[in-house]
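Contents: one structure, followed by commentary.
Number of protein chains: 2
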Amino acid sequence: MPLPHDYSGQSCSLARALEIVGERWTLLIVRDAFYGVRRFDDFAAHLGIPRAVLSERLKSLTTAGVLVRVGTDGARHEYELTPKGVALWPALRALTDWGDDHYAPTGPRRILLHAEDGAPLERDGRCSGCGARVEPADVVIAPGPGLVPTSGSPDRVTAALAIPHRALEPISPRDPGTPA
Amino acid sequence: MPLPHDYSGQSCSLARALEIVGERWTLLIVRDAFYGVRRFDDFAAHLGIPRAVLSERLKSLTTAGVLVRVGTDGARHEYELTPKGVALWPALRALTDWGDDHYAPTGPRRILLHAEDGAPLERDGRCSGCGARVEPADVVIAPGPGLVPTSGSPDRVTAALAIPHRALEPISPRDPGTPA
DNA sequence: GACCAGGGTTCATTCACCGAACTTGCTGGG
DNA sequence: CCCAGCAAGTTCGGTGAATGAACCCTGGTC
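Have a look at this one:
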């Protein structure tokens with residue numbers, strides 16, 4: 000976790016950003032939020048993060064205004080990205096692209112498509128089909144060639160991510176099943 | 000420091016990327032390398048990082064192929080970004096832009112210009128003047144409106160960054176002075 | 001051959017992370 | 001009404017990493 004503490008001496012916005020999202024697990028949590036994960040246990044199961052750490056990260060991200068806690072009914076609440084959180088999308092993409100380039104020998108593990116026309120997105124966030132600049136909400140996340148099939152019975156989140164679905168949309172809203 | 004350990008279960012290139020550059024201080028070191036910092040003591044002084052941690056990070060970044068150690072003469076060597084390290088530029092920019100947007104009330108602390116024509120860069124890496132896609136080596140880093148003047152006598156690096164200079168070019172190669 | 005700077009390493013302390021177990025609040029069933 | 005079950009955390013002991021100060025080694029200078 001880069002710099003949760005003061006880094007006031009540094010005149011750099013990167014340091015500021017890392018104070019918020021540079022801690023261990025934090026960017027993975029934000030990425031999962033883009034993927035549609037919203038509930039505590041789903042984050043925990045999908046990331047394999049210790050629950051205490053997850054609790055702390057969700058708290059600090061909420062305090063920072065990256066996430067909001069939405070009370071669904073009583074104790075069942077969900078975490079959603081705020082516009083400030085959604086603004087992290089380009090950073091997330093850039094880092095993921097770098098990872099794909101250098102650590103995904105069999106191709107990207109996930110690919111991003113424009114929801115309108117199904118064409119893949121370019122690196123600069125434009126649609127390779129229509130050329131439009133695509134907002135995060137109009138992105139469809141689909142499995143890529145580099146995705147290894149999960150062995151055994153995957154968790155809710157992994158299962159949901161095995162089929163294309165729109166970013167920021169909650170995965171399997173309440174219970175699994177949803178028969179077509 | 001997100002995930003220096005195994006994260007093999009995760010089918011995500013972001014996790015892979017964070018295993019390399021997600022640890023505390025690592026991205027700041029890479030950023031400084033873009034700014035032209037190359038020597039151990041300059042990194043240490045500019046970042047305020049414990050020397051033991053810096054030593055370890057430089058080692059792991061070198062092992063990962065993000066930096067190379069260039070022997071200048073005997074014990075005096077320098078660290079340079081490899082192409083793989085330079086490929087982190089978009090990610091660094093995206094994160095810095097997010098920090099500027101949300102944590103720089105008086106404007107960006109540094110601005111990026113196209114070396115060819117001096118016009119500022121767009122978010123997508125293009126030159127606002129000529130429209131060309133600008134390589135990191137053709138970027139000039141200049142102080143922005145949000146940069147607070149350093150109080151007291153700054154270190155070599157802070158002083159060098161107070162005037163515009165080209166990315167990846169070493170700061171004050173050997174000794175200060177360099178009279179025009 | 002004494003001094004100095006660069007480039008680290010060593011070490012004790014503190015802090016954060018880990019994983020498992022425990023608690024609390026709500027829901028559904030008998 | 002009482003108990004089981006689940007979601008959402010909190011608590012806790014053990015471990016590993018970060019911190020910062022001090023020390024060391026090497027090469028060059030005077």
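Going down the list, the protein sequences come from chains D and L.
With numbering that gives the first Met the number 0 applied, the first sequence corresponds to residues 0 to 179, in that order.
With numbering that gives the first Met the number 0 applied, the second sequence corresponds to residues 0 to 179, in that order.
From the three backbone atoms N, C-alpha and C, an ideal C-beta is built for every residue, glycine too.
The Cβ of L:S127 sits no closer than 8 Å to any Cβ of chain D. If you compare the alpha carbons of D:T62, D:V139, D:G117 and D:R122 with that of D:C129, the shortest gap goes to D:G117. Residue environment for L:R15: buried (at least 16 other C-beta atoms within 10 angstroms of its C-beta).
If one requires a minimum length of 4 residues, the alpha helix (DSSP H) runs lying completely within the region 22-82 of chain L are 25-34, 39-46 and 50-63, in chain order.
Shown here for D:H45: same chain residues with a beta carbon closer than 7 Å to its own, the five before and five after excluded, namely D31, V36, D154, V156 and T157 in chain order. By the Cβ-count criterion, D:P148 is exposed, with fewer than 16 other Cβ atoms from all chains shown falling within 10 Å of its own Cβ. Going by beta carbons, L:L87 and L:Y78 fall outside the 8 Å limit. Minimum Cα-Cα distance from L:T61 among the listed residues L:P169, L:P49, L:A43 and L:L80 corresponds to L:L80.
D:R122 and D:L53 have their alpha carbons spaced roughly 31 Å apart. Within 10 angstroms of the beta-carbon of D:T105 lie fewer than 16 other beta-carbons, which makes it exposed. By a beta-carbon distance limit of 8 Å, D:A93 contacts L:A90. Their separation comes to about 4 Å. For L:G84, there are no C-beta contacts with chain D under 9 Å, since the nearest C-beta of that chain is about 10 Å from it. Membership of D:R15 in the alpha helix (DSSP H) is indicated by the continuous run S12 to V20. The beta-carbon separation of L:G21 and D:L13, rounded to 14 Å, does not stay under the 8 Å limit for a contact. For the pair L:L167 and L:A136, the CB atoms are nearer than the 8 Å cut-off. Legend: CB atoms of the region 81-112 of chain D lying less than 8 Å from CB atoms of chain L belong to residues K83, A86, L87, P89, A90, L91, R92, A93, L94, T95, D96, W97, G98, D99, D100, H101, Y102, A103, P107, R108 and R109.
Rounded to the nearest whole angstrom, the CA to CA distance from L:E115 to D:R75 is 56 Å. Contact annotation: L:W24 and L:R56 have beta-carbon atoms nearer than 8 Å. Annotated as proximal: L:G145 and L:P107, with beta-carbon spacing under 8 Å. For L:P144, the three-state secondary structure derived from DSSP is coil. In summary, L:V139 is buried, with 16 or more beta-carbon neighbours lying within 10 Å of its beta-carbon over all protein chains present. Under the DSSP definition of a beta bridge, L:I110 partners with L:A141. Residues of the same chain with a CB within less than 7 Å of the CB of D:K83, apart from the 5 flanking positions on each side, are G64 and V65 in chain order.
In this structure, DSSP gives L:P135 a helical state, which the three-state scheme calls helix.
Under the Cβ distance rule, L:D154 does not count among the residues neighbouring chain D, no pair being separated by less than 8 Å. The beta carbons of D:A131 and D:P163 sit no closer together than 8 Å.
Annotation: L:C126 to L:E134 spans about 10 Å, alpha carbon to alpha carbon. Neighbours of L:S12 in chain D, taken as residues whose beta carbon is under 7 Å from its own, are T95, G98, D99, Y102, A103, P107 and R108 in chain order. DSSP places D:P89 inside the alpha helix (DSSP H), whose first and last residues are W88 to Y102. In this structure, the CA atom of L:D96 is about 11 Å from the CA atom of L:L111.
Beta-bridge annotation (DSSP): L:C129 is not paired with any residue.
At least one beta carbon of chain D lies nearer than 8 Å to the beta carbon of L:D123.
Leaving aside the five residues that flank D:V85 on each side, the residues in its chain whose CB is nearer than 6 Å to its CB run, in chain order, P135.
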